[in-house]
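Working notes for the structure below.
Residue numbers (mature numbering (1 follows the signal peptide of the UniProt record, and there is no 0)): -19 to -1, 1 to 161.
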């Protein structure tokens, strides 16, 4: 079934209120066999605005991916793709180019690994961590700065690489202040 047929059939589905009329109209546009496939293709229940709010909630650490997905009715995979990209999610670590001693410094800052070497939990805010990393990187590259979603993407990849669990949730009452 061509992309044009799918778009046309979905537009007919949305305009017609009576399901029986939908079936007869759509089977004229696409084949009968394709109609059952088409019924499985539902228009999203969320809007672009919902997606933006969900992204904002995740990136500002007000919600986790699962919480935002549930609240806004957006599939978790869609949120991941829109925030982290669809492929090469770990590439940001290479682009940031921390050397092993800098990575250890970040781990120490986040998780106090010198006190508890196997501790991989942090209550530090994303903002505090990104400021720390930017200060480290500026020793080699004075113009370095995370922009847009790059800071969140880097933190997500760093957590995956080092099995860090972030326990920090940005409480509205704190106005983004670091609670650690």
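We put the CB at the ideal spot given by N, CA and C, even for glycine. All values reported here derive from a predicted model rather than from experimental measurement.
Backbone CA spacing between residue 96 and residue 88 [nearest angstrom]: A direct Cα-Cα distance of roughly 12 Å separates residue 96 from residue 88.
For residue 146, does the three-state DSSP call read helix, strand or coil? Strand at residue 146.
For residue 85, is the classification buried or exposed, using 16 other Cβ atoms within 10 angstroms of its Cβ as the cut-off for buried? That one is exposed.
Leaving out five residues on either side along the sequence, give the residues of the same chain with a beta carbon under 6 Å from the beta carbon of residue 118. Taken in chain order, the residues that qualify are 125.
Considering only C-alpha positions, which residue in the set 28, 62, 83 and 120 is nearest to residue 137? The shortest Cα separation from residue 137 among 28, 62, 83 and 120 belongs to 62.
DSSP state of residue 116, grouped into three classes? If DSSP states are grouped into helix, strand and coil, residue 116 belongs with the helices.
Just to confirm, are residue 91 and residue 150 a CB contact at a threshold of 9 Å? No, these two residues do not count as a Cβ contact at 9 Å.
Spatial neighbours of residue 113 within its chain, please: CB distance less than 6 Å, with the 5 preceding and 5 following residues excluded, ordered by chain position. Result list for residue 113: 90, in chain order.
Would you call the CB atoms of residue 64 and residue 31 closer than 9 Å? Going by beta carbons, residue 64 and residue 31 fall outside the 9 Å limit.
What residue range is occupied by the uninterrupted alpha helix (DSSP H) comprising residue 72? Residue 72: member of the alpha helix (DSSP H) spanning 72 to 77, first to last residue.
Note down, in chain order, each residue of its chain lying with its Cβ closer than 6 Å to the Cβ of residue 44, except the 5 sequence neighbours on either side. Closer than 6 Å at the Cβ level, and outside the excluded window around residue 44, lie 38.
What's the gap between the Cα of residue 107 and the Cα of residue 26? When rounded, the distance between both Cα atoms is 30 Å.
So residue 46 is in the alpha helix (DSSP H); what residue range does that whole segment cover? Start and end: 46 to 53.
Coil, strand or helix - residue 134 by DSSP: Of the three classes helix, strand and coil, the one that applies to residue 134 here is helix, per DSSP.
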